[in-house]
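Below is one structure; the comments refer to it alone.
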Amino acid sequence: MDLSKLKGKEVELAFHKAYKAVSETQHRFKQDTLLYFYAYYKHATKEFNIELKHHPHNGAQLVSAFKMNALFQVRHLSVKQAKIKYVKLAVKYLGDDFLKA
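For the sequence shown, position 41 (counting from the first letter as 1) is numbered 113 according to my numbering, and the numbering increases by one without interruption.
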């Protein structure tokens, strides 16, 4: 399936199916893959209100910095492109059966 040729509602449907599949899978993703899922999702849904807070005792500052870096890396994408990249990443790790349902 050529995801780049999908139109508005088709992209939206594929994105939601991919999100559901990723959320419900038992597959263990590597940390860098999870950061890409995070950044694509946040950009696609326009939820990029991350705050960098100082929490020296629990490592939250480091996690926030990685999240912020991931968001910076995808900021050039359109919302549609972010959704398509999210779906492609899901297909890469989970296959495309979720798109057929």
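C-beta: ideal position from N, C-alpha, C; glycine also.
Source: prediction; values computed, not measured.
*Below 8 Å CB to CB, which residues in the same chain sit around A142 once its five sequence neighbours on both sides are set aside?*
L107, Y108, Y110, A111
*Element boundaries [alpha helix (DSSP H), containing G167]*: Premise fails: G167 is in no alpha helix (DSSP H) and is neither H nor E.
*Under 8 Å Cβ to Cβ from E84, same chain only, skipping five residues before and after it: list those, please.*
K155
*asked:* Could you tell me the alpha carbon to alpha carbon distance between G80 and S136, rounded to whole angstroms?
replied: 32 Å
*When you compare each of L171, K172, A162 to K102 by their alpha carbons, which one comes out closest?*
A162
*If we call anything under 8 Å between Cβ atoms a contact, is K172 one with L75?*
no
_Cβ-based neighbour list, F170, same chain, cut-off 6 Å, excluding 5 preceding and 5 following_ = K89, A93
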